[in-house]
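Yeah, the sequence shown ends on 257 if you go by this note's numbering, and it's all consecutive.
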Amino acid sequence: MAPSADAGMFQMFLFLLLLWFLPLTEGSLRAEPMFTAVTNSVLPPDYDSNPTQLNYGVAVTDVDHDGDFEIVVAGYNGPNLVLKYDRAQKRLVNIAVDERSSPYYALRDRQGNAIGVTACDIDGDGREEIYFLNTNNAFSGVATYTDKLFKFRNNRWEDILSDEVNVARGVASLFAGRSVACVDRRTSSVLCPKPGTPLPFIFRCLITHPPFWMQLKADLLQEAFPDR
């Protein structure tokens with residue numbers, strides 16, 4: 030047999046040998062996955078903390094101001110949830126319970142049929158506010174229920190869009206939307222501006238109306254946030 034033929038047979042043998050070991054190598058890597066499903070232990074089915082309902086948005090922020098982050102879930106056909114990790118139980122627990130005495134009760138806002146949520150410090154006090162984009166079952170055009178912008182004041186979360194000053198100015202929109210975000214449009218800061226600097230905008234994407242930016246101006250903030 031010619032030398033060139035021997036070289037060709039040898040290369041073919043090496044190729045077949047490589048194909049033989051590849052599945053074994055791939056299988057050994059898959060035996061140790063990078064991620065492990067922990068839903069059943071960290072967030073098991075639960076009427077209060079993980080109810081069977083449609084949810085259409087999530088944001089991460091420090092809701093109870095203890096230095097740890099909570100997960101805020103926009104509930105569409107159920108209440109909004111605020112999931113906090115309980116180290117004793119080793120699971121996520123909803124702290125926005127159905128009790129009017131709870132400082133997080135207003136965040137539930139079951140009537141809103143929320144479809145989006147975002148969190149950022151809109152007034153520069155170092156604490157993030159929470160904006161819920163509500164639909165109230167209106168998928169286009171004008172809704173019958175406004176969005177909610179919650180601020181922690183008076184030792185509880187309150188909707189500042191319902192304040193008299195904001196109602197009079199028509200700050201809240203009734204147009205149906207699909208998404209919401211908070212950005213520093215003027216790049217003057219990140220999302221936690223210092224007092225006196227331009228504040229971030231809340232960007233609300235609408236369905237049958239052009240998207241718009243909403244910003245709480247300084248004169249409005251002086252009335253809506255007297256402690257600033």
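All C-beta atoms in this analysis are idealised placements derived from N, C-alpha and C, irrespective of residue type, glycine included.
Straight-line Cα distance separating residue j from residue i
{"i": "Val-102", "j": "Leu-112", "result": "8 Å"}
{"i": "Ser-78", "j": "Asn-106", "result": "15 Å"}
{"i": "Asn-195", "j": "Asn-84", "result": "28 Å"}
{"i": "Ala-117", "j": "Ser-70", "result": "13 Å"}
{"i": "Phe-39", "j": "Leu-45", "result": "10 Å"}
{"i": "Thr-65", "j": "Val-171", "result": "44 Å"}
{"i": "Gly-96", "j": "Asp-192", "result": "28 Å"}
{"i": "Ser-131", "j": "Asp-188", "result": "15 Å"}
{"i": "Pro-62", "j": "Asp-127", "result": "39 Å"}
DSSP-derived helix/strand/coil call for residue i
{"i": "Ala-143", "result": "strand"}
{"i": "Leu-162", "result": "strand"}
{"i": "Val-71", "result": "helix"}
{"i": "Ala-172", "result": "coil"}
{"i": "Val-194", "result": "helix"}
{"i": "Ile-189", "result": "helix"}
{"i": "Tyr-134", "result": "helix"}
{"i": "Phe-44", "result": "helix"}
{"i": "Phe-39", "result": "helix"}
{"i": "Glu-128", "result": "coil"}
{"i": "Asp-115", "result": "strand"}
{"i": "Ala-88", "result": "strand"}
{"i": "Phe-179", "result": "strand"}
{"i": "Gly-96", "result": "coil"}
Own chain, CB closer than 8 Å to residue i, minus 5 neighbours either side, in chain order
{"i": "Val-87", "result": "Ile-100, Val-101, Val-102, Ala-103, Val-146"}
{"i": "Thr-173", "result": "Asn-165, Ala-167, Leu-203"}
{"i": "Val-89", "result": "Phe-98, Glu-99, Ile-100, Val-101, Ala-148"}
{"i": "Pro-73", "result": "Asn-79, Arg-120"}
Close beta carbons around residue i, own chain, < 7 Å, minus the five adjacent residues each side
{"i": "Arg-156", "result": "His-94, Asp-150, Phe-181"}
{"i": "Asn-123", "result": "Asp-77, Ser-78, Leu-110, Val-111, Leu-112"}
{"i": "Leu-43", "result": "none"}
Minimum C-alpha distance to residue i - residue among the options
{"i": "Trp-186", "options": "Gly-96, Arg-129, Asn-79, Val-209", "result": "Arg-129"}
{"i": "Ser-169", "options": "Asp-75, Leu-203, Val-67", "result": "Leu-203"}
{"i": "Ala-125", "options": "Lys-119, Ala-117, Ala-135", "result": "Ala-135"}
{"i": "Asp-115", "options": "Asn-109, Thr-173, Asn-106, Phe-98", "result": "Phe-98"}
{"i": "Lys-119", "options": "Asn-166, Val-67, Thr-81", "result": "Val-67"}
{"i": "Thr-175", "options": "Asn-184, Val-200, Glu-61, Asp-91", "result": "Val-200"}
{"i": "Gln-82", "options": "Phe-64, Asn-142, Asp-188", "result": "Asn-142"}
{"i": "Phe-179", "options": "Val-171, Gly-153, Gln-140, Tyr-133", "result": "Tyr-133"}
{"i": "Glu-184", "options": "Val-92, Pro-108, Phe-44, Ser-191", "result": "Reading off the sequence shown, one finds Asn at residue 184, where the question assumed Glu. The option with the nearest alpha carbon to Asn-184 is Val-92."}
{"i": "Glu-158", "options": "Leu-190, Asp-127, Ser-131", "result": "Leu-190"}
Exposure of residue i, with buried meaning 16 or more beta-carbon neighbours within 10 Å
{"i": "Asp-138", "result": "buried"}
{"i": "Asp-75", "result": "exposed"}
{"i": "Pro-224", "result": "Below a pLDDT of 50, predicted positions are generally treated as unreliable, and Pro-224, at 36, falls in that range; the measurement from the model is reported next regardless. So Pro-224 counts as exposed."}
{"i": "Met-41", "result": "exposed"}
Close beta carbons around residue i, own chain, < 6 Å, minus the five adjacent residues each side
{"i": "Leu-162", "result": "Ile-144, Gly-145, Asp-176, Gly-206, Val-209"}
{"i": "Pro-108", "result": "Arg-137, Arg-139"}
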